[in-house]
Structures are given as structure tokens and as C-alpha cells.
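All remarks here apply to the structure that follows.
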Amino acid sequence: MTDSIAFYRQVLRALKAADIPFLIGGGYATARHTRIDRRVKDLDLMIRRADWPDTARALRKVGIHTYLPFPHWLGKAVTTGALVDIIFSSGNAVVAVDDQWFERSETTRVLGFTVRLCPPEELLWSKAFIMERERFDGADVLHLIRAAGRTLDWKHLCNRFRGHERVLLAHVVIFGYVYPTEADVIPRWVVRHLAEAPISAPPGVKLCRGTILSRSQYLVDIRKWGYADARLRPFGRMTLRERSIWTRAIR
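Heads up, the sequence shown is in the numbering used here, so the first residue is 11 and it goes up one at a time.
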């Protein structure tokens with residue numbers, strides 16, 4: 011772990027020296043916002059997609075190997091025994107890092123550096139869609155609501171989930187089950203807004219949005235049962251090539 015921390019510091023130092031805008035996400039951000047003291051095993055950095063070339067160049071300049079395994083959302087900086095995920099979207103291509111992530115971020119200290127921390131609303135947005143068989147981030151979502159629900163910008167959060175309101179509603183409903191004595195941290199209008207949002211699909215299209223929640227568990231729907239994949243254009247943002255790369259990586 012000591013070697014990993016040294017590598018994380020090397021990455022942070024290089025990006026700050028090159029004046030590359032980035033945010034701390036992942037486990038560090040979750041621990042800070044939820045106030046859960048847990049052992050963080052990796053480092054996730056959030057950048058804009060347009061900043062990947064400069065980011066990779068700045069890291070290579072100091073001898074750090076970088077590559078882009080998933081061009082639609084994720085790059086990596088690696089060394090022996092450690093890596094840093096450099097994220098600019100999500101695996102389903104829904105949660106893109108944009109200017110608002112940076113405008114709404116806050117300053118903090120991580121590994122001895124003054125850095126910007128991913129906003130809780132954007133962190134929740136990114137985690138809400140992770141419902142894989144091997145990983146479900148629902149507990150992180152509920153812990154974020156429990157810790158920050160009274161100060162979350164719910165209007166902004168609802169805007170982030172536009173077109174995906176049922177996903178946030180599902181977490182809100184489960185929150186009331188898990189924390190029955192804390193249910194009032196979620197404004198009542200939020201529940202009404204999410205529940206009343208229209209469920210729409212293009213006319214004549216048999217659409218499956220399950221692939222937005224899990225890249226593996228709904229493949230049968232699009233391969234055998236004739237459903238259109240909601241991740242793909244024109245419904246989503248992914249290309250056929252990007253989906254192929256992402257699907258081949260399933261373990």
C-alpha cells in the first residue's frame with residue numbers, strides 16, 4: 011500500500027504541475043461526503059473528456075504509463091502494483107463529467123495535496139446506475155443521502171436524472187426502508203416529482219434500459235428477445251464499437 015500511495019502522489023503532483031483540471035472521486039470522495047472512515051484502496055480522478063490528451067501527456071512526461079482501455083469513459087495511469095483510474099464519463103455513457111462538476115466542487119486535502127473534491131450530487135449520480143451482479147453501489151448512494159440529504163441540491167440532482175427519474179426514485183424508496191427514522195431528509199416534492207415523471211419510449215421501438223444498469227445481465231434482452239439497447243445512439247451516447255469494447259471486457 012505504501013508503494014501505491016507514493017504512485018498516487020506522483021500522479022497528483024504531475025497533474026498539478028501541468029495545471030490539468032481534475033477532481034478527486036471514488037472512494038476518497040465517498041469517504042469524505044459520507045463521513046465513513048474506510049480503507050481506500052485506489053484513487054479515481056475525474057476529468058473532462060477533452061482533457062484526456064493533455065492528462066496523458068503530462069503523466070507520460072514524468073515517466074508514468076497511460077492508456078485508454080475504454081474510449082467512451084475511462085483511462086488509466088499504471089505502474090507495477092498500482093493504478094489510477096482517470097474517469098470522464100460512466101460505463102453506460104450516461105454520467106459525463108462536464109463543467110458543472112468543477113463549478114460545484116469544493117477544496118480539500120488528499121495525500122498532502124490541496125485538491126478539488128467531486129460534488130456529492132455528481133457522486134450520487136454516478137453511483138446510482140451501478141447495479142451489476144458483482145457490484146451494487148446502492149449502499150453508497152443511501153449513505154450519501156443519509157449524510158448530506160439535508161444540504162443536497164435536490165433540484166440539481168433531479169435535473170441530472172432527467173430521463174432516468176425511476177433510477178433515483180428506486181434509491182429514494184429504498185432509503186425510506188433502510189432509514190425509516192431519517193426519511194424526512196428527502197423533500198416530499200422530490201418523491202412526487204420522480205414518481206410523476208413520464209415513462210417514454212420512441213414509438214414502435216421495443217426498448218430495454220436494463221443495459222444502462224448492468225452491462226452483462228440484460229444482454230439476453232438485446233441478443234435474443236429483440237429489444238433495442240438504450241445505451242446506443244440515438245437513444246444513448248454509445249457507438250457500436252464502444253459497446254463492443256465494453257462488452258468484451260466482461261469477466
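Yeah, the Cβ is synthetic: ideal placement off N, Cα and C, and Gly gets one too.
(request) Could you check the C-alpha separation between R59 and A103 for me, to the nearest Å? (result) 12 Å
(message) Measuring only the C-alpha atoms, how far is R253 from F139?
(response) 17 Å
(request) Following the continuous alpha helix (DSSP H) through P79, name the residue where it begins and the one where it ends. (result) Per DSSP, P79 belongs to no alpha helix (DSSP H); it is in the beta strand (DSSP E), H75 to F80.
(request) Decide if A92 is buried, meaning its Cβ has at least 16 other Cβ atoms within 10 Å, or exposed. (result) buried
(message) With a threshold of 7 Å on Cβ separation, who are the neighbours of A205 within its own chain once the five nearest residues in sequence on each side are excluded?
(response) L179
(message) Which of the three DSSP states is assigned to K6 in this structure?
(response) In the structure as shown, the chain begins at 11 and stops at 261. Residue 6 is therefore absent and cannot be evaluated.
(message) Helix, strand or coil for F17? Go by DSSP, reduced to three states.
(response) helix
(request) Return helix, strand or coil for K86, following the three-state DSSP convention. (result) strand
(message) Measuring straight from C-alpha to C-alpha, what distance separates R172 and I209?
(response) 11 Å
(message) Helix, strand or coil, according to DSSP, for C128 in the structure here?
(response) coil
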